[in-house]
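**Q** My questions all concern the structure below.
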Amino acid sequence: MTKDRGTYYITTPIYYPSANLHVGHTYCTVMADAMARFKRLQGYDVMFLTGTDEHGQKIQTIADAAGKSPQEYVDGIVAGVKELWAAMEISYDDFIRTTEERHKSRVQEIFRRLYDKGDIYRGVYEGWYCAPCESFWTDVQLVGGNCPDCGRPVERAKEDAYFFKLSEYADRLLALYEERPEFLEPETRRNEMTQFIKQGLDDLCISRSSFDWGVPVPIEEGQVIYVWLDALSNYITALGWPELGAGESEAAGAVEENSDKYRKYWPADVHLVGKEIVRFHSVIWPAMLMSLGEPLPKQIRGHGWLLLDGGKLSKSKLMEKNSGADGAAASRNIVDPVELIERYGVDALKYFLLREYTFGQDGQYQLDTLLHRMNSDLANDLGNLLSRTTGMNGKYFDGVIARPVSYSGSIAANPSGGVDGIPPGAPDVDRALITLALGVAVRVEGHMDRFEFNRALEAIWEFISRSNKYIDETEPWALAKDEGGRGRLGEVLYNLAESLRIVSVLIQPFLHWSSEKIREQLGLDPTDVEWGGARAFGLVGEYRTVKGDNLFPRIDIEKELAAIEAGE
Ligand code: ME8
-15 MTKDRGTYYI TTPIYYPSAN LHVGHTYCTV MADAMARFKR LQGYDVMFLT GTDEHGQKIQ
45 TIADAAGKSP QEYVDGIVAG VKELWAAMEI SYDDFIRTTE ERHKSRVQEI FRRLYDKGDI
105 YRGVYEGWYC APCESFWTDV QLVGGNCPDC GRPVERAKED AYFFKLSEYA DRLLALYEER
165 PEFLEPETRR NEMTQFIKQG LDDLCISRSS FDWGVPVPIE EGQVIYVWLD ALSNYITALG
225 WPELGAGESE AAGAVEENSD KYRKYWPADV HLVGKEIVRF HSVIWPAMLM SLGEPLPKQI
285 RGHGWLLLDG GKLSKSKLME KNSGADGAAA SRNIVDPVEL IERYGVDALK YFLLREYTFG
345 QDGQYQLDTL LHRMNSDLAN DLGNLLSRTT GMNGKYFDGV IARPVSYSGS IAANPSGGVD
405 GIPPGAPDVD RALITLALGV AVRVEGHMDR FEFNRALEAI WEFISRSNKY IDETEPWALA
465 KDEGGRGRLG EVLYNLAESL RIVSVLIQPF LHWSSEKIRE QLGLDPTDVE WGGARAFGLV
525 GEYRTVKGDN LFPRIDIEKE LAAIEAGE
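Note that our numbering numbers the sequence shown so that position 41 is 25, with each residue one more than the last.
Here is the structure:
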């Protein structure tokens, strides 16, 4: 297996620490984590960045209401966010907070460079302002007189401010989508953005003077930098760009090492973002980079929303739920990821999020769907395959099972989609199992290239079901009754152990905990996994399996929902 296939830089949005995160935020981070783990397993040098977007009027207002300074307020929420990602085993390489010195000093430098380039000018801004979204809107953009993003009322606002000459980038942005359509996926989002730009781009107001919780504009006191200019910059400030002068660099931390990171990882392979912030990432962000003369990210991918009762699952719904204000119906839908993990475990939550929703589309969030998936796919299909295999292995062979002698050569997929090396005398059921086993990795790779997490898992589960069916077809318990069937029984159980080993490789990016448990029960090193291991059958000379705990408990769904209603 080739190591070192190059670099892969993936980011999530940086979340507003206005309140605790809900399962909708978890969705994006879980996808990014699965992709980061997948690429690492394939041998890429991965940089996975996440973080928090801590400035702006909204945070200041919320902190005031809580009787705290904005810094104190965000410190509390961010600690919870980090705990959540630790509980979910999110494998980020860096976590950037926009209140960190390493970020702030670089955002100021970015502002200066845009100004020196002649792309920033001073003027007066008047427009419709949506405070919760931190967005100014023009008359035509309003929907029914309200904010087009969140539907809340907007207010007329006027202030002295700095502007970025966004309008001058319209043609270059349209050319970008035309020349590099893969820059913005899926296509529906690209079409929306093309329409948006064709309607005409206004210059962007990039400073505020009505509040002070932000990065100060470096060339004038009393103004802070617009939170989106501040936030979008995180994708490069985290890599140490721009390099700063000696005095500033000391304050900002280990600059030399960081700017090496920029050379190594930029441009990003993908910025994963929710659909409502595609506009910021595919219009403002590339225009800023064009102005700075820096390369553009390779791709922006917009995902859909998790919906609750038809509307976007939001932080305010989480708070209502936590305070019990929205009654019984919503309490059947736990939306707090911490509680979901406590009740069902991190792999069940990850599996549900990745398997249930189609990237780019909205989907209804429903707790019973999670419970059904847990019972059928995890406890039944995967859990049973493991417990049946290790159980029979223990019972018939004291857990020790050797590779059949006829497997001496390597059995592997060939480039034309077939399999080489299956012994000529192998029964048809074995052929079918092995052929399917060795085709899954390629299918998963194809789906992952297109961010089809659900289809990648579907392909893996097709193989898991096939392996269970193999047990029913080969009837090991019948073979065990007959001394003459012992050789065949050994082959059958070896094939099952190998299938499970391949499953442990295939699921590692998605269900990393279950992968380790399966490997432990197979007697293999739990963490020594390479993607290439899913492309060969008969790799392990001898298994010494041990029967362990069930991977997933079966849940009595009615009882569980009743317990939740009762607040247990
Ligand atoms: O927008 N379903 O932060 P944010 C799916 N700070 N995704 C959801 C969701 C749901 N119900 N609710 C929220 C911001 N999200 C900015 C980003 S990046 C430079 C700055 C997703 O905390 C949402 O789509 O409001 C967005 O991508 C992300 O959570 C962060 O939302």
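Ideal Cβ placement from N, Cα and C applies to all residues, glycine included.
1. Using a Cβ-Cβ cutoff of less than 8 Å, which residues in the same chain neighbour glycine 532 once the five nearest sequence positions on both sides are dropped?
2. What residues match up with isoleucine 209 in a beta bridge as DSSP calls it?
3. Measuring CA to CA, which of Ile203, Cys134, Phe95 is closest to cysteine 114?
4. Just to confirm, does cysteine 134 get its C-beta within under 7 Å of one of the non-hydrogen atoms of the ligand ME8?
5. With hydrogens ignored, establish whether the beta-carbon of aspartate 39 is closer than 7 Å to any heavy atom of the ligand ME8.
6. With a threshold of 7 Å (Cβ to nearest heavy atom), would isoleucine 46 be considered close to the ligand ME8?
7. Quick test of your reading: leucine 477 and methionine 358, contact by CB under 8 Å. State the CB separation rounded to the nearest angstrom.
8. Taking the beta strand (DSSP E) that arginine 164 falls in, what are its first and last residues?
9. What would DSSP say about leucine 553, mapped onto helix, strand or coil?
10. Using a Cβ distance threshold of 8 Å, determine whether the stretch 333 to 341 contacts the stretch 455 to 475, with at least three qualifying pairs required.
11. Specify the secondary structure class of proline 411 as computed by DSSP and reduced to three states.
12. With respect to 7 Å, is the separation between the Cβ of glycine 532 and the closest non-hydrogen atom of the ligand ME8 below this value?
13. If we ignore side chains and look at the alpha-carbon of each, how far apart do cysteine 131 and cysteine 117 end up?
14. Near valine 239, which residues of its chain fall below 7 Å by C-beta distance, leaving aside the five closest residues on each side in sequence?
15. Could you give the C-beta distance for tyrosine 146 and valine 201, rounded to a whole number, given that I count them as a contact under 8 Å?
16. Residues in its own chain within less than 6 Å of arginine 538 by CB, not counting five upstream and five downstream?
17. Are the CB atoms of valine 319 and methionine 6 within a distance shorter than 8 Å?
18. Which runs of the alpha helix (DSSP H) at least 4 residues long sit entirely within the stretch 46 to 81? Give them in chain order.
19. Excluding the 5 residues flanking arginine 427 on each side, which residues of the same chain have their C-beta closer than 6 Å to its C-beta?
20. Roughly how many angstroms lie between the CA atoms of phenylalanine 437 and alanine 222, to the nearest whole one?
21. With three or more C-beta pairs closer than 8 Å as the rule, is the stretch 439 to 459 touching the stretch 478 to 496?
22. Look at leucine 369 and asparagine 479 and say whether their C-beta atoms are less than 8 Å apart.
23. Closest by CA to glycine 525, which one among Gly516, Glu514, Leu508, Lys52?
24. If distances are taken between C-alpha atoms only, which option among Gln207, Trp497, Asp17, Tyr219 comes closest to proline 251?
25. Taking the alpha-carbon of glutamate 139 as reference, which of Lys149, Asp253, Thr122, Tyr105 has the nearest alpha-carbon?
26. Could you round the C-beta distance between glycine 347 and leucine 291 to whole angstroms and report it? I think they count as a contact, below 8 Å.
27. In angstroms, rounded to a whole number, what distance separates the CA positions of methionine 272 and tyrosine 105?
28. Using only alpha-carbon positions, find the residue among Trp69, Lys42, Lys66, Pro460 that is nearest to aspartate 196.
29. Find the nearest neighbour of valine 30 within the set Gln125, Asp(-12), Arg174, judged by alpha-carbon distance.
30. Can you give me the start and stop residues for the alpha helix (DSSP H) that leucine 362 sits inside?
31. Using three-state DSSP, classify phenylalanine 336 as helix, strand or coil.
32. DSSP on asparagine 398, reduced to helix/strand/coil?
33. For histidine 39, which of helix, strand or coil comes out of DSSP?
34. In terms of alpha-carbon separation, which member of Leu351, Met177, Gln283 lies closest to arginine 164?
35. Per DSSP, which one or two residues make a beta bridge with valine 254?
36. Quick one: what's proline 137 bridged to in DSSP?
**A** In brief:
1. Taking the first residue of the sequence shown as 1, we reach residue 532 at position 548. Cβ neighbours of glycine 532 within its own chain (closer than 8 Å, five residues either side excluded): Thr374, Lys501, Glu504, Gln505.
2. Locating residue 209 in the sequence shown gives position 225, counting from the first residue. For isoleucine 209, which the question treats as bridged, DSSP gives the partners Ser191.
3. Taking the first residue of the sequence shown as position 1, residue 114 is located at position 130. Of the candidates Ile203, Cys134, Phe95, the one whose C-alpha sits nearest the C-alpha of cysteine 114 is Cys134.
4. Locating residue 134 in the sequence shown gives position 150, where the first residue counts as 1. Checking every heavy atom of the ligand ME8 against the Cβ of cysteine 134, none is found closer than 7 Å.
5. On the sequence shown, position 55 is the one that residue 39 refers to. According to the sequence shown, residue 39 is histidine rather than aspartate. Every heavy atom of the ligand ME8 is 7 Å or more from the Cβ of histidine 39, so no.
6. By one-based count along the sequence shown, residue 46 stands at place 62. No, since every heavy atom of the ligand ME8 falls outside the 7 Å radius drawn around the Cβ of isoleucine 46.
7. Position 493 of the sequence shown, counting from 1, holds the residue named residue 477. Position 374 of the sequence shown, counting from 1, holds the residue named residue 358. That pair is no contact at about 27 Å.
8. Within the sequence shown, numbered from 1, the residue matching residue 164 stands at position 180. Arginine 164 -> no beta strand (DSSP E), and no H or E assigned at all.
9. Outside the modelled stretch of the chain, which goes from -15 to 552, sits residue 553, for which no answer is possible.
10. no
11. On the sequence shown, residue 411 is found 427 positions in, with the first residue counted as 1. Residue state, collapsed to three classes: coil.
12. As a first step, residue 532 is located in the sequence shown; it is residue number 548 there, counting from the start. No; taking the cut-off as 7 Å, the Cβ of glycine 532 has no heavy atom of the ligand ME8 nearer than that.
13. Along the sequence shown, one-based indexing puts residue 131 at 147. Along the sequence shown, one-based indexing puts residue 117 at 133. Cysteine 131 and cysteine 117 have their C-alpha atoms some 8 Å from each other.
14. The residue given as residue 239 occupies position 255 in the sequence shown. Residue placement at valine 239 cannot be trusted, given a pLDDT of 47 that sits under 50; the coordinates are not used to answer.
15. What you label residue 146 is simply residue 162 of the sequence shown in a count that begins at 1. What you label residue 201 is simply residue 217 of the sequence shown in a count that begins at 1. 6 Å between Cβ atoms; contact.
16. Taking the first residue of the sequence shown as position 1, residue 538 is located at position 554. So the qualifying residues of the chain are Asn359, Ala363.
17. Sequence index remark: in the sequence shown, residue 6 carries index 22 (1-based). Sequence index remark: in the sequence shown, residue 319 carries index 335 (1-based). The sequence shown places histidine at residue 6, not methionine. With respect to valine 319, histidine 6 sits close: the two C-beta atoms are nearer than 8 Å.
18. 54 to 71
19. Here residue 427 refers to the residue found at position 443 when the sequence shown is read from its first residue. Cβ neighbours of arginine 427 beyond the five flanking positions: Ala443.
20. Your numbering for residue 437 matches position 453 in the sequence shown. Your numbering for residue 222 matches position 238 in the sequence shown. C-alpha separation (whole angstroms): 27 Å.
21. yes
22. On the sequence shown, residue 369 is found 385 positions in, with the first residue counted as 1. On the sequence shown, residue 479 is found 495 positions in, with the first residue counted as 1. Not a contact, by the Cβ cut-off of 8 Å.
23. Translated into the one-based positions of the sequence shown, residue 525 becomes position 541. Answer by Cα proximity: Leu508.
24. Position 267 of the sequence shown, counted from the start, is the residue given in the question as residue 251. Measuring from the Cα of proline 251, the nearest candidate turns out to be Tyr219.
25. Here residue 139 is taken as the residue at index 155 of the sequence shown, counted from 1. Measuring from the Cα of glutamate 139, the nearest candidate turns out to be Thr122.
26. The sequence position of residue 347 within the sequence shown is 363, counting from 1. The sequence position of residue 291 within the sequence shown is 307, counting from 1. Contact flag correct, Cβ pair sits at about 7 Å.
27. Indexing the sequence shown from 1 puts residue 272 at position 288. Indexing the sequence shown from 1 puts residue 105 at position 121. Answer to the nearest angstrom: the Cα atoms are 14 Å apart.
28. Within the sequence shown, numbered from 1, the residue matching residue 196 stands at position 212. It is Lys42.
29. Walking along the sequence shown from the start, residue 30 turns up at place 46. Checking every option, the nearest Cα to that of valine 30 belongs to Asp(-12).
30. Position 378 of the sequence shown, counted from the start, is the residue given in the question as residue 362. That residue, leucine 362, is in no alpha helix (DSSP H); it is neither H nor E in DSSP.
31. Reading the sequence shown from its first residue, position 352 is the one you call residue 336. Looking at phenylalanine 336 - three-state DSSP - the assignment turns out to be helix.
32. Here the question's residue 398 lines up with position 414 in the sequence shown. Asparagine 398: coil per DSSP, three-state reduction.
33. What you label residue 39 is simply residue 55 of the sequence shown in a count that begins at 1. Note: histidine 39 maps to coil in three-state DSSP.
34. The residue given as residue 164 occupies position 180 in the sequence shown. Considering only alpha carbons, the answer is Gln283.
35. Within the sequence shown, residue 254 is the residue found at index 270, counting from 1. Ile(-6).
36. For the purposes of this step, residue 137 is identified with residue 153 of the sequence shown, where counting begins at 1. Under DSSP, proline 137 forms a beta bridge with Asn130.
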